[in-house]
Every structure is written in C-alpha cells, then in structure tokens.
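A.B. asks:
Residue numbers (mature numbering (1 follows the signal peptide of the UniProt record, and there is no 0)): -17 to -1, 1 to 93.
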C-alpha cells in the first residue's frame, strides 16, 4: 500500500511538472522542486492516540480490560490431545552444558 502511494505521488509530481511547463508553480513542491523546505517535525513526545488516524484508540468507557477465557480449537477439546499439542516447558534440568572438543593443547577462548 505504501509503495503504491509513493509511486502515485511520484507520477503525479512528474505529470504536474509537465503540465506546469517546468515552472515553479506546483501542487506538490516537495516532489517537483529539489530545494523545497522540509515539513516541520514536532519534537514533542509521540502520542499514539493523537491525530485523526491515531495508531491506538482510547476506550470509550473506563472499564478495565478483562482477560478472555481460553477457547481451545475443536480438535483440542479432549484433555489428552490438548496436553499432547500444548507448548513445552523447559526447565534447567532439561538443559545440557556445552562442551567444545578440540585437539590442541592450549585452550582458546570462544
């Protein structure tokens, strides 16, 4: 999506400069004029809730979030099958100490 927007704006800038006759008047001066002023950037703290299309939306009510109950898939209703496909638990007793074997008489740091 982003690539198509950039491509569209690039083509629109070229068409605009062709229709304009190469003059300084342009709808998109940043695309057709190489020395255009960069847009101002707010140095304030980023707020994901701000703006018309904010990244996050604030909840309409102040109710706390309640975790949802687990809903196993159809093939995981049986406890035996569910225990078979659940994620593994790795404990320190499951780990092995790595040994590096070499034929030299001097130990070299790895």
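Quick reminder that beta carbons are idealized off the backbone N, C-alpha and C, glycines included.
All of these numbers come straight from a predicted model, not from anything done at the bench.
#1: When DSSP labels each residue in this structure, what does residue 93 get in the three-state scheme?
#2: Tell me whether residue 92, by its Cβ, gets closer than 7 Å to a heavy atom of the ligand ATP.
#3: Start and end of the alpha helix (DSSP H) containing residue 67?
#4: If you reduce the DSSP assignment to three classes, tell me which class residue 50 lands in.
C.D. replies: Judging by the given coordinates:
#1: Numbered from 1 along the chain shown, position 110 holds the residue referred to as residue 93. Reduced to three states, the DSSP call for residue 93 is coil.
#2: Among the components modelled here there is no ligand, and therefore nothing to report on the ligand ATP.
#3: Counted from its first residue, the chain shown places residue 67 at position 84. Per DSSP, residue 67 belongs to the alpha helix (DSSP H) from 62 to 68.
#4: As a first step, residue 50 must be located in the chain shown, where it is residue number 67. Looking at residue 50 - three-state DSSP - the assignment turns out to be coil, as it is neither helix nor strand.
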